[in-house]
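Novice: One structure coming up, written as structure tokens, with questions to follow.
Numbering (the working numbering), first residue to last: 175 to 520.
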């Protein structure tokens, strides 16, 4: 007999209890499976995000001097630049390199996607009889030494800071030496490029020699934008940076637009067209003003949504009207985001 005199449960009762508990157990099993799957899903999302960030860093470090139009729209073999890098990284992971793409890869990649853009490589000396400063020759020799331990850019930086003029032959030689980041090194090349811009601004040679300077604009743009991004990470504000680099920035973007935006003192809405032009003008413009551009476009987006909401409230609140409002808002958001006018949530 059962304890306490209680009657034992019949098999039918036990089956009924088991049937009652089954949905609960199934729900618990489903919840447990979902809980296990969720971290895996997050890991996949984080993995994709980490991969995208690695690709962006690789582009910044190895292809920073390529124009934005090439990075965003040029296709080779049906692949955009980012798609090609992702594919090659995936293929490299199956080898002993563990996904690492070396200097030889990036040099060939740059030549492939940058074909036809090497204006510096096409520069020629107009008059071979022009003299070349011994000090400049010695400085360039020191800057491109094969041994990194003896390589130094100090003489070249000092020469650019103190010389008053460079003839066309000297300037072409300087352009070719500085554009060869494999010989000089990326960091050294960036430093010398900024000093070249300071020399041009100081010597008022922005228009002469025009052809040579124009061929250097992509390199100037990349080096100056990287310099700003490094300082930005250290806490330097856009306005602070522009106070000391306004003359250099004006070499890469419209000077009147730049003056108007600086004078706005953060009131970006009033200079929205100028902000848009500056942001699209160059890598430096994007680095300096993309945040302001997002603020302007966010404000415009909010105003359009407010107008749609006002129209909705003036109409009878029918389900169809609310549905139309939602569809219009979603379409508007897609339009803004697809045009790069709003930051997409990650």
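In this text, a Cβ means the ideal position worked out from N, Cα and C, and glycines have one as well.
Residues in the same chain with beta-carbon distance under 6 Å from residue 434, minus the five sequence neighbours each way, listed in chain order, please.
Specialist: Contacts found: 445 and 448.
Novice: Between the stretch 360 to 377 and the stretch 328 to 342, do at least 3 Cβ pairs fall closer than 8 Å?
Specialist: Taking 8 Å as the limit for Cβ pairs, the verdict is that the stretch 328 to 342 does touch the stretch 360 to 377.
Novice: Per DSSP, what are the beta-bridge partners of residue 485 in this structure?
Specialist: BP columns for residue 485 are empty, so no partner.
Novice: Using only alpha-carbon positions, find the residue among 315, 412, 240 and 330 that is nearest to residue 280.
Specialist: Of the candidates 315, 412, 240 and 330, the one whose C-alpha sits nearest the C-alpha of residue 280 is 240.
Novice: Would you grab the beta carbon distance between residue 350 and residue 297 for me? Rounded to a whole angstrom, and I think it's under 8 Å.
Specialist: So it is a contact: roughly 7 Å between Cβ atoms.
Novice: Within the same chain, show all residues whose beta-carbon is closer than 8 Å to that of residue 458, passing over the 5 residues directly before and after it, in chain order.
Specialist: Excluding residues within five positions, the ones whose Cβ falls inside 8 Å are 395, 398, 399, 402, 423, 426 and 427.
Novice: Looking at the unbroken alpha helix (DSSP H) that takes in residue 244, where does it start and where does it end?
Specialist: Looking at the DSSP string, the run of the alpha helix (DSSP H) that includes residue 244 is 242 to 247.
Novice: Rounded to a whole number of angstroms, what is the C-alpha to C-alpha distance between residue 275 and residue 261?
Specialist: Taking the straight line from one Cα to the other gives about 12 Å.
Novice: Are the stretch 227 to 235 and the stretch 247 to 266 touching by the rule of at least three beta carbon pairs closer than 8 Å?
Specialist: Counting Cβ pairs under 8 Å, three or more are found: they touch.
Novice: Taking residue 284 as the reference, give the member of 328, 309 and 238 with the closest Cα.
Specialist: It is 238 whose Cα lies nearest to the Cα of residue 284.
Novice: From the DSSP output, read off the bridge partner residues of residue 253.
Specialist: Answer by DSSP bridge pairing, in chain order: 250.
Novice: Nearest CA to the CA of residue 329: which residue from 322, 464, 341 and 316?
Specialist: With distances taken between Cα atoms, residue 329 lies closest to 316.
Novice: Under 8 Å between the Cβ atoms of residue 389 and residue 299?
Specialist: Cβ distance not < 8 Å, so residue 389 and residue 299 don't count as in contact.
Novice: If contacts are defined as beta-carbon pairs under 8 Å, then residue 483 and residue 452 qualify, I think. What distance do you get, rounded to the angstrom?
Specialist: Wrong, their Cβ atoms sit about 32 Å apart, outside the cutoff.
Novice: Excluding the five sequence neighbours on either side, which residues of its own chain have a C-beta within less than 7 Å of the C-beta of residue 438, listed in chain order?
Specialist: Closer than 7 Å at the Cβ level, and outside the excluded window around residue 438, lie 444 and 445.
Novice: Residue 377 and residue 339: beta carbons closer than 8 Å?
Specialist: A contact, by the Cβ cut-off of 8 Å.
Novice: Rounded to a whole number of angstroms, what is the C-alpha to C-alpha distance between residue 416 and residue 361?
Specialist: The straight-line gap from Cα to Cα measures roughly 22 Å.
Novice: Rounded to whole angstroms, what is the Cα-Cα separation between residue 254 and residue 454?
Specialist: Whole-angstrom Cα-Cα distance: 20 Å.
Novice: Taking only runs that begin and end inside the stretch 326 to 411, name each unbroken beta strand (DSSP E) of 3 or more residues, in chain order.
Specialist: List check, beta strand (DSSP E) in window: nothing returned.
Novice: Enumerate in chain order the residues of its own chain whose CB-to-CB distance from residue 251 is below 8 Å, with the five nearest sequence positions on each side excluded.
Specialist: Excluding sequence neighbours, residue 251 sits near 258.
Novice: Pick helix, strand or coil for residue 323, following the three-state DSSP scheme.
Specialist: Coil at residue 323, not helix or strand.
Novice: Going straight from the alpha carbon of residue 413 to that of residue 374, what length do you get?
Specialist: Taking the straight line from one Cα to the other gives about 23 Å.
Novice: Taking the alpha helix (DSSP H) that residue 429 falls in, what are its first and last residues?
Specialist: Residues 429 to 437.
Novice: Reducing DSSP to helix, strand and coil, say where residue 504 ends up.
Specialist: Looking at residue 504 - three-state DSSP - the assignment turns out to be helix.
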